[in-house]
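Undergrad: In the working numbering, the protein residues as written are 72 to 491.
From the three backbone atoms N, C-alpha and C, an ideal C-beta is built for every residue, glycine too.
Here you go, one structure.
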Ligand code: AMP
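See the structure below:
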């Protein structure tokens, strides 16, 4: 299969060749011809499968071929995403795919000044990537118009709902022309997502690239059981002994992220942190430095778990297990991307047995357990099994600061996500 045989135009084929994309991925093979024909799409695909190019390439081609000039403040294709980081990343993808096309691409999100965004939107935008809250602000101030809108993409729709954006989304949908193409991407398909899709999509093509709730097969996953208070010590011990290269480490709270980053720096490693208390520019800088391999270890809360594309990341370590089992899949999805192999290690303490059981149930597999000599836990992690059984009940884990799920305790999003 080639990109030419999927119907992509010459300038896009040339760009893909320069980017080193030799053949389409499975989702691209299915999505590109359908989107080119103007069909709606409902796709379950993990990040790392090439889903961005799957919708961006045919969408750019259609906009180019239709050729209509974008009017002042108008938008021809709108891509809605849950976080600022994902907005920046998608803008980069769109800009690089559109490098030889006469199209203007731009991204808007909260947490930064709105005036430069208003100025930039005046010229009109062919592809606008946006987070919902900031887009609504701009719409209310007449900085964006949707009369010319032809395509709406919802990327990581499940995450947008998890973050409580349902109301903003409804207000945006009400402002869009009914005649349009709509593409919906979600890692998991809850009943909320299904009802959203039945409202928004017309006779959509359904694409299910990997069964929902399974992690990429190319990722080797295992756990080391250890006492909670010795996790940092064990991580540093493994880092030295295994001579790991770049590692993305997830910890539960902003405090634990900062503490680990400090310990690593004190031990002579280069490490940086991203979490909700850090201002946006320093988070973007930390990510850029990690991507450029200027720092070896990036420590993050779950806000970094979704959507971030870091080339060839070999290893993800969970210093703490996530409270929401789905986040485990997103965390380890940072490795083993685009066919590369990867490793995901979790350091698990006795109080996390319930989370471990939930992850094993969701992923339908028992994670291989190891004990590191010298770090055998005094508090044994109860035996778990997919299905959620625990032989012995552990103490309830403490609630983390940065988790929030619709319908449960109040959502505390910090200032990582856009201000509403
Ligand atoms: P995504 O799932 O869209 O986040 O894409 C994951 C990674 O795969 C990105 O770094 C893309 O640049 C890369 N990628 C997407 N499609 C291809 C392809 N056909 N060949 C090689 N790399 C690709």
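Distance, Cα to Cα, residue 201 vs residue 228?
TA: So the alpha carbons of these two residues sit roughly 13 angstroms apart.
Undergrad: What residues in its chain sit with their C-beta under 6 angstroms from that of residue 129, if we drop five residues either side in the sequence?
TA: Same-chain partners within the cutoff: 103, 106, 107.
Undergrad: Please confirm whether any heavy atom of the ligand AMP lies closer than 6 angstroms to the CB of residue 122.
TA: Yes, the Cβ of residue 122 comes within 6 angstroms of a heavy atom of the ligand AMP.
Undergrad: Return yes when at least one heavy atom of the ligand AMP lies under 6 angstroms from the C-beta of residue 86, else no.
TA: Not under cutoff, so the answer is no.
Undergrad: Taking DSSP as the reference, what is the three-state secondary structure of residue 84?
TA: DSSP places residue 84 in helix when its eight states are reduced to three.
Undergrad: Can you tell me the Cα-Cα spacing of residue 148 and residue 335, whole angstroms?
TA: Whole-angstrom Cα-Cα distance: 44 angstroms.
Undergrad: What residue ranges within the segment 138-178 form continuous beta strand (DSSP E) runs of no fewer than 3 residues, ordered along the chain?
TA: Whole beta strand (DSSP E) segments, 3+ residues: 146-151.
Undergrad: Residues in the same chain with beta-carbon distance under 6 angstroms from residue 254, minus the five sequence neighbours each way, listed in chain order, please.
TA: Excluding positions up to five away in sequence, the list reads 112, 126, 224.
Undergrad: Can you tell me the Cα-Cα spacing of residue 403 and residue 145, whole angstroms?
TA: Taking the straight line joining both Cα atoms gives about 38 angstroms.
Undergrad: Give me, in chain order, the residues of the same chain whose beta-carbon lies closer than 6 angstroms to that of residue 491; leave out the 5 immediate sequence neighbours on both sides.
TA: In this prediction, residue 491 has a pLDDT of 26, which is less than 50 and means its spatial position is unreliable; what the coordinates show is noted afterwards. Cβ within range, chain order: 204.
Undergrad: Start and end of the beta strand (DSSP E) containing residue 290?
TA: Where residue 290 is concerned, the enclosing beta strand (DSSP E) stretches over 290-296.
Undergrad: What does the Cβ neighbour count give for residue 197, buried or exposed, with the cut at 16 atoms within 10 Å?
TA: The residue in question, residue 197, is buried, as its Cβ has 16 or more Cβ neighbours within 10 Å.
Undergrad: Please work out which residues of its chain come closer than 6 angstroms, Cβ to Cβ, to residue 276, disregarding the five sequence neighbours upstream and downstream, and give them in chain order.
TA: Here the set comprises 105, 110, 112.
Undergrad: For residue 397 and residue 355, which I take to be in contact (beta-carbon distance under 8 angstroms), what is that distance rounded to the nearest angstrom?
TA: Between residue 355 and residue 397 the Cβ distance is about 25 angstroms, and since that is not below 8 angstroms, they are no contact.
Undergrad: What's the C-alpha gap between residue 321 and residue 142?
TA: Taking the straight line joining both Cα atoms gives about 44 angstroms.
Undergrad: Who does residue 389 pair with in a DSSP beta bridge?
TA: The partner list for residue 389 (beta bridge, DSSP) reads 321, 417.
Undergrad: Grab me the residues of residue 438's own chain with a C-beta within less than 8 angstroms of its C-beta, minus the 5 sequence neighbours each way, in chain order.
TA: Excluding positions up to five away in sequence, the list reads 292, 293, 294, 417, 427, 430, 431.
Undergrad: Are the CB atoms of residue 220 and residue 168 within a distance shorter than 7 angstroms?
TA: No, the Cβ-Cβ distance between residue 168 and residue 220 is not below 7 angstroms.
Undergrad: Taking buried to mean at least 16 other C-beta atoms within 10 Å of its own C-beta, is residue 101 buried or exposed?
TA: It counts as buried.
Undergrad: At a cut-off of 6 angstroms, would you count residue 385 as near the ligand AMP, judging by its Cβ distance to the nearest heavy atom?
TA: Because no heavy atom of the ligand AMP lies under 6 angstroms away, the Cβ of residue 385 does not count as near it: no.
Undergrad: Would a C-beta distance cut-off of 7 angstroms place residue 450 and residue 298 closer than the cut-off?
TA: Yes.
Undergrad: Report whether the distance from the Cβ of residue 153 to the nearest heavy atom of the ligand AMP is below 6 angstroms.
TA: For the ligand AMP, not one heavy atom lies less than 6 angstroms from the Cβ of residue 153.
Undergrad: Grab the span of the alpha helix (DSSP H) containing residue 107 for me, first residue to last.
TA: 97-107 is the span of the alpha helix (DSSP H), which, as asked, contains residue 107.
Undergrad: Can you name the residues that DSSP bridges to residue 183?
TA: None; residue 183 has no bridge partner.
Undergrad: Please identify the residue among 87, 296, 372 whose C-alpha is closest to the C-alpha of residue 395.
TA: Nearest C-alpha to residue 395: 372.
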